[in-house]
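Participant: Quick one: this structure, given as structure tokens, is what I'll be asking you about.
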Amino acid sequence: MNTWKADPMACNGDREKLEDDFLAVKDRLIGTSITDIRKVLGKPDRVDLDNRSTKQYVYFVNSGGQCDGMEGEVGKSYKVFFDALELVKEVTPIL
């Protein structure tokens with residue numbers, strides 16, 4: 044996962060090459076603590092809060108408008124949803 048962590052916002056294109064590996068393990072992330080997610084995937088590219096103040100981490104896997112100097116739509120990303128105990132409850136793509 045060092046390659047994943049070294050490509051924040053997926054602007055270098057390295058995360059795109061790792062997407063199949065990410066998909067293969069994403070279901071095993073369910074129940075993982077927020078601390079362990081940061082150890083595995085690194086700092087999130089964006090943190091969202093829902094109306095109950097539970098965190099949602101967003102990790103981009105394709106470059107796009109989120110990268111400096113690039114215009115247009117943001118790249119594909121995945122959102123990691125946490126419950127009130129800060130354990131992963133769901134990992135879904137954002138299309």
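In the working numbering, the protein residues as written are 44 to 138.
Backbone N, C-alpha and C fix where the C-beta goes; we use that ideal spot for every residue, glycine too.
Distance check for Glu114 and Phe65, CA to CA, integer angstroms please.
Facilitator: Taking the straight line joining both Cα atoms gives about 26 Å.
Participant: Identify whether Arg89 lies in helix, strand or coil by the three-state DSSP scheme.
Facilitator: Judged by DSSP in its simplified three-state form, Arg89 adopts strand.
Participant: Out of Gly85, Thr75 and Tyr102, which has the shortest C-alpha to C-alpha gap to Phe125?
Facilitator: Thr75
Participant: Would Leu84 be called buried (16 or more neighbouring beta carbons within 10 Å of its own) or exposed?
Facilitator: So Leu84 counts as buried.
Participant: Take Lys98 and list the residues in its own chain whose beta-carbon comes closer than 8 Å to its own, dropping the five residues that flank it on each side.
Facilitator: Ile77, Val90, Asp91, Leu92, Phe125 and Glu129
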